[in-house]
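Sequence order for the protein chains is A and B.
Heads up: the first sequence begins at 1 in the numbering used here, then just goes up one per residue.
Heads up: the second sequence begins at 316 in the numbering used here, then just goes up one per residue.
The beta carbon of each residue, even a glycine, is placed where N, CA and C say it ideally should be.
Written out below as structure tokens is the structure these notes cover.
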Amino acid sequence: MSHAEQSRPAILMADGGAPAVRPRWRLAPLTAARIALIPAAVITIVCFYAFIVWTFVISLTRSRLLPVYDFVGFDQYRRLFASARWWTAMENLAIHGTLFIAGCTVAGYALAIMIDRGVRAEGFFRTVFMLPLSMSFIVTGLIWQWMLNPVFGIQDAVRDLGWEGFVFNWIVQPDRAIYTLAIAGIWQQVGLCMALFLAGLRGVDPNVWKAARIDGIPTWRVYTDIVTPMLRPVFFTVFVLLSALVMKSFDLVVALTGGGPGFASDLPARFVVDHILNRQELGLGAAGAFMMLCTVVAVIGPYLYREIHKSRGAR
Amino acid sequence: MRYQRVVLYLLLGTAALAMMAPLLIMFSTSLKPMDEIRGGSLFALPQAPTLEAWGKAWAGRDGGSGGLSGQFVNSFVIVFPALFLSVGLGSLTGYALSLWKLRFANLLFAAVLIGLFIPPQVTLYPMIVLVRELGLFGTVPGLVLVHVVWGLAFVTLLFRNFFQSVPADLMKAARIDGAGFLAIFWHIMLPLSLPVFAVAVILQFTYIWNDFLLGLTFSGRGSQPVTVALNNLVGSQFGEQEYNVNMAATMLAALPTVLVYLFSGRLFVRGIAAGAVKG
């Protein structure tokens, strides 16, 4: 690191060349680096990409309990698209995704702004808001299952306070159960959004605030007209992250509603696991899994493309 | 100006209370006997606090089955090897990817990054076949393996982003002094990356402990993690549920990661932000 070392002959630094004299038993460093990448490369190529292809192949067969390779074209996809349960699950994904992403973003941003106003005990508030993040979705689901329990939960407690007619039994209402998922999901993940937005707010140049104060712009206008547009990349990141979470949502729905009542709050991730593990409908499950992948690609693809491009440019 | 501050603190206080309320209610429920739960309000404090429900949640009813103690231990037995293997492999990969100018390194990195977004359901069945063929289905080593596979992308990303910021001169100096691939990793890069290391360990611990899908799919009788057992415990009771036991069991399952979070504080936040921003 010192300058003396840097002024040594440059020939020793040539790429791939180690110092001329080195012990025989040692691998050339670049070879060692290549060897070190083998496990990761194998895992990535086999367990990610080859397995995706494999799942796609299975989805073209009539496999039930075990994979059998007699191909039936896109029959499984036809069955999938004809299945009411699948469309309920997709519709639920859209409802839950919209509510969850919007709720987390708005609430997280609001919390971040409040904390950024220079409050005391900032550490306490941050710790509290992020606490649910450390817990499993299963735990979150079970907590809220208890809170939303119509016999003993919030509904009962509010009735005890005097509102005899109070009704909050969404978890057992087929057309409302999906909304309870967003409540529990937002409760768990709002801290993540808050942390990301807070980091973004702290990154805003203090001169922006000074200039705005000199111009006499009210604080809320600075947020709506100046700071929020500046944080566009953070909003984008939050959106991508939450989308990825929504697509993978499995544990939460299993623990909170079990997909019920009936299949009213089912999600694609649960549909797929159910068909692969329990219903011996491997082909149909694989078709559903592949459709999940297509949804992810459609939503997150553009972001990934940009991200990978950026990291190439940086080198 | 003064009243604005009051409103601000009121809002923040309300939000904090709303976030804490479910946890406090869960705790108070776990201390109540069943007749208090049936008779009283959700918000009421326990009149005669008892740890009976906690005992049942841990050891089972009447000393019988149903307790979570076994699966609680299972979770630790799964988490530690999976944690060290995935952080070890991920750090080495991140290091090799970012500090050694290899062909295809960018391609591999892109492939890994995309892997982070692939829903596990898509590769689940082939993975079952692989683990079964290896004779590891339903065993702890099998679960460790799948956790390493599914954790690799995240850990690699974390380390790669850190090593990317290491000045090139440091690498040059080390190589001039004759240090090889592993020597540079061990003596220079690992000590340098200790904060990232801590972040990776904390987050992997949290992710693996909290996992449900992989535990549900790949575990057997003797290797079931606590999340799966918890979900079974709450879901499978017939007749009236013992809500106090459910809540105690839920808190037990949540406790390790909550403690890790409370004691690591900043590091957890940093990891979540770093891992999150980049993917």
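Count the other C-beta atoms from every protein chain shown that fall within 10 angstroms of the C-beta of residue i, then say buried if there are 16 or more, exposed otherwise.
i	result
Cys-47(A)	buried
Lys-371(B)	buried
Asn-278(A)	exposed
Thr-521(B)	buried
Phe-250(A)	buried
Ile-45(A)	exposed
Ser-480(B)	exposed
Phe-263(A)	buried
Thr-565(B)	buried
Val-455(B)	buried
Gly-16(A)	For Gly-16(A), the predicted model reports a pLDDT of 46, less than 50, meaning its position is unreliable; a value from the coordinates is still stated below. Under this definition Gly-16(A) is an exposed residue.
Phe-500(B)	buried
Glu-307(A)	buried
Tyr-297(B)	In the structure displayed, chain B extends from 316 to 594; residue 297(B) sits before or after that span and is not available.
Glu-490(B)	Per the sequence shown, the amino acid found at residue 490(B) is Arg instead of Glu. Result: buried.
Looking only at its chain, what residues have a beta carbon closer than 7 Å to the beta carbon of residue i, apart from the 5 residues adjacent to it on each side?
i	result
Leu-357(B)	Ile-340
Ala-359(B)	none
Ile-517(B)	Val-575, Ser-579, Leu-582, Phe-583 and Gly-586
Val-461(B)	Met-442, Val-446, Leu-529 and Phe-533
For residue i, go through chain B and note every residue whose CB falls closer than 7 Å to its CB, in chain order.
i	result
Leu-277(A)	Thr-532
Ser-83(A)	Neighbours of Ser-83(A) on chain B: none; closest Cβ ~16 Å, over 7 Å.
Arg-117(A)	Leu-323
Residues in its own chain within less than 6 Å of residue i by CB, not counting five upstream and five downstream?
i	result
Val-543(B)	Gly-530 and Leu-531
Phe-452(B)	Val-446
Phe-56(A)	Phe-290
Tyr-77(A)	Ala-287
Ala-420(B)	Leu-412
Gly-430(B)	Ala-468
Below 8 Å on C-beta distance, what does residue i contact in chain A?
i	result
Met-504(B)	Here the premise fails: no neighbours, minimum Cβ distance about 12 Å.
Pro-361(B)	Those do not exist, as Pro-361(B) stays about 14 Å from chain A at its closest Cβ, beyond 8 Å.
Leu-423(B)	Leu-37, Ala-40, Ala-41 and Thr-44
Helix, strand or coil, according to DSSP, for residue i in the structure here?
i	result
Phe-71(A)	strand
Thr-318(A)	For chain A, the structure presents residues 1 to 315; residue 318(A) sits outside this window and is missing.
Thr-390(B)	Per the sequence shown, residue 390(B) should be read as Ser rather than Thr. It is helical.
Ser-534(B)	strand
Asn-149(A)	coil
Gln-519(B)	helix
Ala-572(B)	According to the sequence shown, residue 572(B) is Thr rather than Ala. Helix, per DSSP.
Leu-366(B)	coil
Gly-355(B)	coil
Lys-347(B)	coil
Gly-285(A)	helix
Asp-175(A)	coil
Ser-136(A)	coil
Ser-83(A)	coil
Leu-311(B)	Residue 311(B) lies beyond the residue range present for chain B, which begins at 316 and ends at 594; the question has no answer from this structure.
Val-560(B)	helix
Ser-579(B)	helix
Ile-433(B)	coil
Pro-540(B)	coil
Gln-319(B)	helix
Leu-545(B)	helix
Gly-382(B)	coil
His-162(A)	A quick correction: the sequence has Gly, not His, at residue 162(A). DSSP places Gly-162(A) in coil when its eight states are reduced to three.
For residue i, which residues of its own chain have a beta-carbon under 8 Å away from its beta-carbon, when the five flanking residues on both sides are left out?
i	result
Ile-58(A)	Pro-67, Leu-282, Gly-283 and Ala-286
Gln-556(B)	Val-549
Phe-512(B)	Val-402, Ser-406 and Leu-505
Ile-352(B)	Thr-344, Tyr-558 and Asn-559
In chain B, what lies closer than 9 Å to residue i by C-beta?
i	result
Pro-132(A)	Met-334, Pro-337 and Leu-338
Gly-258(A)	Gly-550
For residue i, which residues in chain A fall below 7 Å Cβ to Cβ?
i	result
Ala-411(B)	Ala-33, Ala-36 and Leu-37
Gly-382(B)	Those do not exist, as Gly-382(B) stays about 16 Å from chain A at its closest Cβ, beyond 7 Å.
Quick one: list the residues of chain B neighbouring residue i, beta-carbon separation under 8 Å, in chain order.
i	result
Phe-137(A)	Asn-525 and Phe-527
>> Extract the residue ranges of the alpha helix (DSSP H) inside the stretch 197 to 278 of chain A, only unbroken runs of 4 or more that lie entirely within it.
In response: 206 to 214, 232 to 248, 251 to 256 and 268 to 273
> Where in the stretch 448 to 483 of chain B do unbroken runs of the alpha helix (DSSP H), each at least 4 residues long, occur, reported from the N-terminal end onward?
Replying inline: 455 to 478
> Can you give, in chain order, each stretch of the beta strand (DSSP E) that sits fully within the stretch 92 to 119 of chain A and has at least 3 residues?
Replying inline: none
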